[in-house]
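Asks: Sharing a structure below in structure tokens format, with a few things to ask.
There are 2 protein chains.
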Amino acid sequence: MASKQQTSRKAAGTRAAIRRPQARAANGRTQGDAGDDIGLDALVGHAGYAVRRFQLWIFQDFIKTLATVDIRPTQYSVMTVIGANPGLSQMAVAKRLGIERARLVHLLDSLEERAFVSRIPSATDRRSHALHLTGPGKTALVQFKRLAAEHERHVADKIGRENREQLLRILACFT
Amino acid sequence: MASKQQTSRKAAGTRAAIRRPQARAANGRTQGDAGDDIGLDALVGHAGYAVRRFQLWIFQDFIKTLATVDIRPTQYSVMTVIGANPGLSQMAVAKRLGIERARLVHLLDSLEERAFVSRIPSATDRRSHALHLTGPGKTALVQFKRLAAEHERHVADKIGRENREQLLRILACFT
DNA sequence: AAAGATTGTTGTTGACGACAACAATTGATG
DNA sequence: CATCAATTGTTGTCGTCAACAACAATCTTT
Chain A
-3 MASKQQTSRK
7 AAGTRAAIRR
17 PQARAANGRT
27 QGDAGDDIGL
37 DALVGHAGYA
47 VRRFQLWIFQ
57 DFIKTLATVD
67 IRPTQYSVMT
77 VIGANPGLSQ
87 MAVAKRLGIE
97 RARLVHLLDS
107 LEERAFVSRI
117 PSATDRRSHA
127 LHLTGPGKTA
137 LVQFKRLAAE
147 HERHVADKIG
157 RENREQLLRI
167 LACFT
Chain B
-3 MASKQQTSRK
7 AAGTRAAIRR
17 PQARAANGRT
27 QGDAGDDIGL
37 DALVGHAGYA
47 VRRFQLWIFQ
57 DFIKTLATVD
67 IRPTQYSVMT
77 VIGANPGLSQ
87 MAVAKRLGIE
97 RARLVHLLDS
107 LEERAFVSRI
117 PSATDRRSHA
127 LHLTGPGKTA
137 LVQFKRLAAE
147 HERHVADKIG
157 RENREQLLRI
167 LACFT
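Protein chains in written order, with my numbering: chain A, -3 to 171; chain B, -3 to 171.
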């Protein structure tokens, strides 16, 4: 942090800027202005880039759509799995969702504080907890699913209903 | 942090565990073991979940494939855009890639330290920098692109060549 | 010249993935 | 049965990343 010497900002002007008018970009643009015709070059052929942008958009919409109930995508996924498979251990949930068990601890803490989920000591294995939705948790999840379905409609509006289903088919092997 | 009272762990055994044998899950499974047949319920219909899992996989593969040159996806995207549009300002690059300009500062710091990119004071606007690849930066980028193409082949192997192209088409509106 | 917007920068916050260590407990092996 | 390895939940740290807020320097507008 203390090493960055800032050759440009504060000392701007000391360097003579001996450059031909401007090494005109690959486009027709001279400077880096607002013009939205900046080429992405190899990036357009990369699935990762498109997926990253898409995921950003989709998560933001999810968070916004479920803002009134203050539930984030990961929390929703945890509650959904527990709701469909009551009695699961934390390890099982973590493994199934691809979450680290260390991270799941905090997620469950927050959900337990809000009385949506309860950790019940397993009768057969005193190391593990059997995860269950509470009464209020079940009721809440119904509403969450309604809102999540609304979010899913936003997705369909954005990329098209057909495309959304195709996408789900293509990525089914990751779920 | 100091409030979590841990009703289960340390005090395990004090509570009588008055529960019928086990509230058998929706599946046939009793406990939350390793069995990989845990239902996802509503999650399977959510694009966001599939996309999150896919992005995780794809980024890990990218990082692994480009590990020898120590370049991460975001760094690659920055260098690619600068390479294709020399002279861009930081604002322009940030806006184009959907990165925050605050974040781009650090990205450029690291790339400038490695002498891949240089911030040249703009001749027309003394606030902004014109971003360029250095000689070594251009050479390196060629290799990065080769490795990135190899990564892209991994993606095609994973989800299928046809599916990959379809995916790119569907998500083209986000790039 | 003054007011407002833009650009790069610094800093903070919170979500998240990865990893390492630990106590309690279970399971397997001798 | 005693012992050792493995598992489970937990705590902690580290680094990445998005989102904001504030700031100085500089442009733009009036």
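Glycine is no exception: its CB is placed at the ideal position from the N, C-alpha and C atoms.
The structure displayed is predicted, hence computed values, not measured ones.
Under 7 Å between C-beta atoms, does SER73/A make it to chain B?
Replies: For the purposes of this step, residue 73/A is taken as residue 77 along the first sequence, with counting starting at 1. Yes, SER73/A counts as interfacial toward chain B.
Asks: List, in order along the chain, the chain A residues whose C-beta lies closer than 8 Å to that of ALA46/B?
Replies: Taking the first residue of the second sequence as position 1, residue 46/B is located at position 50. Correct list: LEU163, LEU164, LEU167, ALA168, PHE170 and THR171.
Asks: Since LEU62/B meets chain A, which of its residues come closer than 7 Å, beta carbon to beta carbon?
Replies: Counted from its first residue, the second sequence places residue 62/B at position 66. Ordered by position in chain A, no residue passes the 7 Å Cβ test against LEU62/B, which lies about 11 Å from the chain.
Asks: Of all the residues that make up the stretch 67 to 93 of chain A, which are near chain B by a beta-carbon distance shorter than 9 Å?
Replies: Flagged, chain order: PRO69, THR70, TYR72, SER73, THR76, VAL77, GLY79, ALA80, ASN81, PRO82, GLY83, LEU84, SER85, GLN86, MET87, ALA88, VAL89, LYS91, ARG92 and LEU93.
Asks: Alpha carbons only, please: which of VAL151/B, ASN81/B, LEU107/B and PHE140/B is nearest the one belonging to GLN56/B?
Replies: Position 60 of the second sequence, counted from the first residue, corresponds to residue 56/B. Checking every option, the nearest Cα to that of GLN56/B belongs to VAL151/B.
Asks: May I ask you to verify whether the stretch 48 to 67 of chain B touches the stretch 97 to 115 of chain A, counting CB pairs closer than 8 Å and requiring at least 3?
Replies: In short, these stretches do not touch, since the Cβ pair count stays below three.
Asks: Using CA atoms only, rank isn't needed, just tell me which of GLY133/A, GLY131/A and SER114/A is closest to SER124/A.
Replies: Locating residue 124/A in the first sequence gives position 128, counting from the first residue. Per the Cα distances, SER114/A.
Asks: Is LEU62/A near the ligand NAP, going by C-beta to nearest heavy atom under 6 Å?
Replies: Only the bare structure without any ligand can be found here, which leaves the ligand NAP out of the picture.
Asks: According to the neighbour-count rule (16 or more other Cβ atoms, all chains shown, within 10 Å of its Cβ), is HIS147/A buried or exposed?
Replies: Residue mapping note: residue 147/A aligns to position 151 of the first sequence, counting from 1. Buried: at least 16 other Cβ atoms inside 10 Å.
Asks: Output the residue ranges of the beta strand (DSSP E) runs that lie fully inside the stretch 82 to 119 of chain A and measure 3 residues or longer, sorted by chain position.
Replies: Counting only runs of 3 or more, we get 113 to 117.
Asks: For ARG68/A, which residues in the same chain have their Cβ closer than 7 Å to its Cβ, ignoring the five residues on either side in sequence?
Replies: The sequence position of residue 68/A within the first sequence is 72, counting from 1. If we look at ARG68/A and ignore the five residues flanking it on each side, its Cβ neighbours are ILE59.
Asks: I need the boundaries of the beta strand (DSSP E) containing HIS125/A, first residue and last residue.
Replies: As a first step, residue 125/A must be located in the first sequence, where it is residue number 129. Per DSSP, HIS125/A belongs to the beta strand (DSSP E) from 125 to 129.
Asks: Within 10 Å of its beta-carbon, does ARG99/A have 16 or more other beta-carbons around it, so buried, or fewer, so exposed?
Replies: Within the first sequence, residue 99/A is the residue found at index 103, counting from 1. Looking at its Cβ environment, which holds fewer than 16 other Cβ atoms inside 10 Å, ARG99/A is exposed.
Asks: Please compile the residues from chain A whose C-beta is within a distance smaller than 7 Å of the C-beta of GLY35/B.
Replies: As a first step, residue 35/B is located in the second sequence; it is residue number 39 there, counting from the start. By Cβ distance, chain A contributes ALA80 and ASN81.
Asks: Could you check whether ARG160/B and ALA43/A sit closer than 7 Å to each other, using their CB atoms as the reference points?
Replies: The residue you call residue 43/A lines up with position 47 of the first sequence. The residue you call residue 160/B lines up with position 164 of the second sequence. Yes, Cβ-Cβ distance for ALA43/A and ARG160/B is below 7 Å.
Asks: Determine the DSSP secondary structure at LEU39/A, reduced to helix, strand or coil.
Replies: Here residue 39/A is taken as the residue at index 43 of the first sequence, counted from 1. If DSSP states are grouped into helix, strand and coil, LEU39/A belongs with the helices.
Asks: Rounded to whole angstroms, what is the Cα-Cα separation between SER118/B and ALA126/B?
Replies: Counting from one through the second sequence, the residue named residue 118/B turns up at place 122. Counting from one through the second sequence, the residue named residue 126/B turns up at place 130. Those two C-alpha atoms are separated by around 5 Å.
Asks: In chain order, what residues of the stretch 137 to 149 of chain A put their CB closer than 7 Å to some CB of chain B?
Replies: Flagged, chain order: LYS141, ALA144 and GLU148.
Asks: Ordered along the chain, which non-local residues of its own chain (more than five positions away) have a Cβ less than 8 Å from that of THR135/B?
Replies: Taking the first residue of the second sequence as position 1, residue 135/B is located at position 139. Nothing meets the Cβ criterion.
Asks: Report the residue from ASP153/B, GLN162/B, THR171/B and PHE170/B whose alpha carbon sits nearest the alpha carbon of ILE54/B.
Replies: Taking the second sequence and counting its residues from 1, the one referred to as residue 54/B is at position 58. Closest by alpha carbon: ASP153/B.
Asks: List, in chain order, every chain B residue whose beta-carbon is nearer than 7 Å to that of VAL113/A.
Replies: Counting from one through the first sequence, the residue named residue 113/A turns up at place 117. Going along chain B, no residue has its Cβ under 7 Å from VAL113/A, so there is no contact; the nearest lies around 13 Å.
Asks: Please state the DSSP three-state secondary structure of GLN18/B.
Replies: Within the second sequence, numbered from 1, the residue matching residue 18/B stands at position 22. Because the pLDDT at GLN18/B is just 35, under 50, the model does not fix this residue reliably, and the point stays unresolved.
Asks: With 7 Å as the threshold, decide whether the Cβ of GLN56/A is near any Cβ in chain B.
Replies: Locating residue 56/A in the first sequence gives position 60, where the first residue counts as 1. Closer than 7 Å: no.
Asks: Going by CA-CA distance only, name the one from VAL74/B, ARG49/B and THR76/B that's closest to ARG92/A.
Replies: Position 96 of the first sequence, counted from the start, is the residue given in the question as residue 92/A. Out of VAL74/B, ARG49/B and THR76/B, ARG49/B has the C-alpha closest to the C-alpha of ARG92/A.
Asks: Kindly say whether GLY28/B, judged by its beta-carbon, lies nearer than 7 Å to any beta-carbon of chain A.
Replies: Along the second sequence, one-based indexing puts residue 28/B at 32. Annotation note: pLDDT 37 at GLY28/B (below 50); position unreliable, no value reported.
Asks: What's the gap between the Cα of GLN86/A and the Cα of LEU103/A?
Replies: The residue you call residue 86/A lines up with position 90 of the first sequence. The residue you call residue 103/A lines up with position 107 of the first sequence. In a straight line, the C-alpha of GLN86/A is about 11 Å away from that of LEU103/A.
Asks: At which residues does the alpha helix (DSSP H) containing VAL77/A begin and terminate?
Replies: Translated into the one-based positions of the first sequence, residue 77/A becomes position 81. Here the alpha helix (DSSP H) through VAL77/A covers 69 to 80.
Asks: Check this for me: beta carbons of VAL47/A and THR171/B, under 7 Å apart or not?
Replies: Within the first sequence, the letter at position 51 stands for residue 47/A. Within the second sequence, the letter at position 175 stands for residue 171/B. No.
Asks: GLY76/B: buried (16+ other C-beta within 10 angstroms of its C-beta) or exposed?
Replies: Taking the first residue of the second sequence as position 1, residue 76/B is located at position 80. Residue 76/B is actually Thr in this sequence, not Gly. Looking at its Cβ environment, which holds 16 or more other Cβ atoms inside 10 Å, THR76/B is buried.
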